[in-house]
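Chains as they are written, first to last, in my numbering: chain X, 56 to 274; chain B, 56 to 274.
There are 2 protein chains.
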Amino acid sequence: MRLVVGRCSVDYAGRLSASLAEAVRLVMVKADGCVAVHADGGAYKPLNWMNAPNTLREEEGRWVVTNPAGETLTITFSEVLLDAAHDLGEDPGLVKDGVEAHLQELLAAHPETFGDGVTLVRREYPTGIGPVDLLCRAADGSTIAVEVKRRGEIDGVEQLTRYLERLNRDPLLRPVRGVFAAQRIKPQARTVAEDRGIGCVEVDYDRLRGLESDELRLF
Amino acid sequence: MRLVVGRCSVDYAGRLSASLAEAVRLVMVKADGCVAVHADGGAYKPLNWMNAPNTLREEEGRWVVTNPAGETLTITFSEVLLDAAHDLGEDPGLVKDGVEAHLQELLAAHPETFGDGVTLVRREYPTGIGPVDLLCRAADGSTIAVEVKRRGEIDGVEQLTRYLERLNRDPLLRPVRGVFAAQRIKPQARTVAEDRGIGCVEVDYDRLRGLESDELRLF
DNA sequence: GTGTATATCTCGGGG
DNA sequence: CCCCGAGGTATACAC
Numbered sequence: 056m057r058l059v060v061g062r063c064s065v066d067y068a069g070r071l072s073a074s075l076a077e078a079v080r081l082v083m084v085k086a087d088g089c090v091a092v093h094a095d096g097g098a099y100k101p102l103n104w105m106n107a108p109n110t111l112r113e114e115e116g117r118w119v120v121t122n123p124a125g126e127t128l129t130i131t132f133s134e135v136l137l138d139a140a141h142d143l144g145e146d147p148g149l150v151k152d153g154v155e156a157h158l159q160e161l162l163a164a165h166p167e168t169f170g171d172g173v174t175l176v177r178r179e180y181p182t183g184i185g186p187v188d189l190l191c192r193a194a195d196g197s198t199i200a201v202e203v204k205r206r207g208e209i210d211g212v213e214q215l216t217r218y219l220e221r222l223n224r225d226p227l228l229r230p231v232r233g234v235f236a237a238q239r240i241k242p243q244a245r246t247v248a249e250d251r252g253i254g255c256v257e258v259d260y261d262r263l264r265g266l267e268s269d270e271l272r273l274f
Numbered sequence: 056m057r058l059v060v061g062r063c064s065v066d067y068a069g070r071l072s073a074s075l076a077e078a079v080r081l082v083m084v085k086a087d088g089c090v091a092v093h094a095d096g097g098a099y100k101p102l103n104w105m106n107a108p109n110t111l112r113e114e115e116g117r118w119v120v121t122n123p124a125g126e127t128l129t130i131t132f133s134e135v136l137l138d139a140a141h142d143l144g145e146d147p148g149l150v151k152d153g154v155e156a157h158l159q160e161l162l163a164a165h166p167e168t169f170g171d172g173v174t175l176v177r178r179e180y181p182t183g184i185g186p187v188d189l190l191c192r193a194a195d196g197s198t199i200a201v202e203v204k205r206r207g208e209i210d211g212v213e214q215l216t217r218y219l220e221r222l223n224r225d226p227l228l229r230p231v232r233g234v235f236a237a238q239r240i241k242p243q244a245r246t247v248a249e250d251r252g253i254g255c256v257e258v259d260y261d262r263l264r265g266l267e268s269d270e271l272r273l274f
C-alpha cells in the first residue's frame, strides 16, 4: 500500500464526470491497483476513486489511472507532503455474525416461531422470480412463505408480495400465506404488510441464538 | 488526518459482531473522528470502521472507539510501522455531472421523448407518499407519470407502481399511465413493468445532452 | 427525528 | 460474464 498526502486536483470521467478543486488530500493506492482520494472527513467513502483492475501511469506531478472500461481518474499534484509505501501482505479477512443469513438459519431451525405445528419445507424455495427465504407448512396443511430481513422495510414487503403472487399460482401449494420476519419492522412496512394480509413477526435474535445453544448443550 | 500502519487485530461490536485476526493494516483517523481499517485490497471499503461522531480512547497498544449508539471498535496493536498526522483543511468538495437529477432535468426539457405532443405538467409532483419525478400530459389529455432512474431496476418499478396507485385516485388526473425511463433497464425490471402496463424508455443521456446544447446554440 | 430515495454504491453468490 | 440481492450500506433531503 502506498500513501501519498499532497495538494492536488482530481478529475474523474467515466460513469459520470466529477472534479475536485485543488486541496490537500490523501491518495491511497492498494496492492491490487485500486486508487482512492480521501478528504479529512465524510466517513469512509473517498471523494473520488477507481477500483481494480486498472493501470496507473505516473508522469511529472500527474497520475493518470485508467481501467478496462475506459474510465479515467487524473490526479494533478502541486505539492507532496508524504509518500510512503508498506507491504501489508494478505489479510486473513473479516468474520461476521448477526447478518440475515444467520437469522434465516436460526428461523429455519425454529419454524414454530411462526405458529404451533409449523414445519419447514425448505429454505430458498425457488419461485421463478427469485427464491423465497423459507417455505413452511402450517398444521392445517396450508403453505406459509416467509421473507426474512434484518431490518423490515417496505422493499421486503414488496419482495414477499411478488413471491406470494407467484406461489399462489401453484395448485399444489395454494393457499399460500405470507409472513414478514425481521429483527425490527418499520411502522410503514407493517402497515403495507397488514393491508395485504401478510403477517409480521419481530424476531429476538439473541433469544433464538440462546435456544440454539441450549439445544446444542443437550448433546 | 492521522495514518497508522501497524500489525493489529480488530473487533467490532454493534449492529453485528465482526472480528479481524492479527495482520498488518492501515488505520485512518479523519479530522471528524471517524476511523477506518484498510487491508491492501478490496476497493475503497474498509474492513472495519466507525463513523463520526465517536470518541477514541488510546491506551497502551490498544484503541477503543465508541459511538453514542454504544457500538465499539477495538484495535489492538502489536507493532506500529508508521504514525503520521497531517492537517488537510476543509475540502472544496466534489462537483458532479451525470447523476439522476441531470437526467430528470434533461427529460423535463424534452417530454416529447415519451411520445408526440407530450408536455410537462411539473417535476417532483407530490403524491402523498413521495414525489413522482415527472408528471406529463399526453396529446389525448390523459396523464403520464414518469419515474426517472440512471439504472432501471425493480425497486424503481415498485416505486412508480405505488405512485400510480395514488395518482389514479385523483379524478382530475385519471387515467394516469406510467413510464419508466432509465439509461439502461434491467430485464427483470422490464418484465415486471410490462406486466403492469408500465412503459419502458431507455434514454440516451449523451444524445439528450447534445439536443440541449444544440438548442442553446440557437440563441 | 423518521421516512424516502440515491449511489461511480460495494460485495458476494448463482446461472 | 451478467443478474440479483444484501449491506454495520452511507448520504442527502423532505416532513
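A virtual CB, placed ideally from N, CA and C, is assigned to each residue, including glycine.
Checklist entry - Since Asn106/B meets chain X, which of its residues come closer than 8 Å, beta carbon to beta carbon? => result Ala98 and Tyr99
Item to check | beta strand (DSSP E) runs wholly inside the segment 68-112 of chain B, at least 3 long, in chain order | outcome: 72-84, 90-93 and 103-105
Item to check | Among Asn103/X, Gly97/X and Gly96/X, nearest to Val82/X - alpha-carbon criterion | outcome: Asn103/X
Next on the checklist: Does Gly233/X pass the burial test, meaning 16 or more other C-beta atoms within 10 Å, or should it be called exposed?
Outcome noted: buried
Checklist entry - So the beta strand (DSSP E) Val150/B belongs to, where does it begin and stop? => result Leu149 to Asp152
Next on the checklist: Which same chain residues end up closer than 7 Å to Pro123/B when comparing Cβ atoms and leaving out the 5 residues on each side of it in sequence?
Outcome noted: Pro108
Next on the checklist: When you compare the segment 182-195 of chain X with the segment 137-152 of chain X, are there three or more beta-carbon pairs, one atom per stretch, that lie closer than 8 Å?
Outcome noted: no
Next on the checklist: My output table needs one value for Leu228/X: the three-state DSSP class, helix, strand or coil.
Outcome noted: coil
Next on the checklist: Judging by CA-CA distance, which residue of Arg178/B, Thr174/B and Val231/B is the nearest neighbour of Ile199/B?
Outcome noted: Val231/B
Checklist entry - Should Asp146/X be flagged as near chain B, meaning a C-beta pair shorter than 7 Å? => result yes
Item to check | Top-ranked residue by Cα proximity to Gly196/X, from Asp152/X, Ser64/X, Leu228/X and Glu202/X | outcome: Leu228/X
Next on the checklist: Taking the beta carbon of Ala73/X as the centre, do at least 16 other beta carbons fall within 10 Å, making it buried, or is it exposed?
Outcome noted: buried
Checklist entry - Taking the beta strand (DSSP E) that Ala156/X falls in, what are its first and last residues? => result No beta strand (DSSP E) holds Ala156/X; the alpha helix (DSSP H) holding it covers Glu155 to Ala164.
Item to check | Backbone CA spacing between Asp250/X and Val212/X [nearest angstrom] | outcome: 11 Å
Next on the checklist: If you reduce the DSSP assignment to three classes, tell me which class Ala244/B lands in.
Outcome noted: helix
Item to check | Endpoints, alpha helix (DSSP H) assigned at Asp188/B | outcome: Premise fails: Asp188/B lies in the beta strand (DSSP E), Pro186 to Arg192, not in any alpha helix (DSSP H).
Checklist entry - Nearest to Gln243/X by CA position, among Gly88/X, Arg62/X, Arg117/X and Gly207/X, is which residue? => result Gly207/X
Checklist entry - Listed in chain order, which residues of the segment 75-86 of chain X have Cβ atoms closer than 9 Å to some Cβ of chain B? => result Leu75, Ala76, Glu77, Ala78, Val79, Arg80, Leu81, Met83, Lys85 and Ala86
Next on the checklist: Can you tell me whether Leu222/X is helix, strand or coil according to DSSP?
Outcome noted: helix
Checklist entry - When the cut-off is 7 Å and only beta carbons count, does His165/X lie next to chain B? => result no
Checklist entry - What separation, rounded to the nearest whole angstrom, lies between the Cα atoms of Val173/X and Ala164/X? => result 11 Å
Next on the checklist: In the DSSP output, which residue or residues are listed as bridge partners for Phe132/B?
Outcome noted: Cys63/B
Checklist entry - Between the C-alpha atoms of Gln214/X and Ser64/X, what's the straight-line distance to the nearest angstrom? => result 44 Å
Next on the checklist: Please classify Ala156/X as buried or exposed, where buried requires at least 16 neighbouring CB atoms within 10 angstroms.
Outcome noted: exposed
Checklist entry - Any beta-carbon of chain B closer than 7 Å to the one on Gly153/X? => result yes
Checklist entry - Going along the chain, which residues of its own chain have a beta-carbon closer than 8 Å to the beta-carbon of Arg239/X, five neighbours each way excluded? => result Arg206, Gly207 and Glu257
Item to check | Nearest-angstrom Cβ-Cβ length linking Phe235/X and Ile253/X, presumed shorter than 8 Å | outcome: 5 Å
Checklist entry - Who are Leu137/X's beta bridge partners in DSSP? => result Val60/X
Checklist entry - Going by DSSP, what residues sit across from Leu175/X in a beta bridge? => result Cys191/X
Item to check | Nonlocal neighbours in the same chain, by C-beta distance under 6 Å from Thr110/X, ignoring five residues either side | outcome: Thr121
Next on the checklist: Based on DSSP bridge pairs, tell me the residues matched to Ile209/B.
Outcome noted: Looking at the DSSP assignment, Ile209/B forms no beta bridge with any residue, so it has no partner.
Item to check | Straight-line Cα distance separating Glu267/B from Val201/B | outcome: 20 Å
Item to check | Length of the line joining the Cα atoms of Ser133/X and Tyr260/X | outcome: 53 Å
Item to check | Chain-ordered neighbours of Ser72/B on chain X, where CB pairs are closer than 9 Å | outcome: Val150, Lys151, Asp152 and Gly153
Next on the checklist: By alpha-carbon positions, which one of Cys191/B, Ala237/B, Leu162/B and Lys241/B ends up nearest to Leu219/B?
Outcome noted: Cys191/B
Checklist entry - What separation, rounded to the nearest whole angstrom, lies between the Cα atoms of Arg62/X and Ala248/B? => result 49 Å
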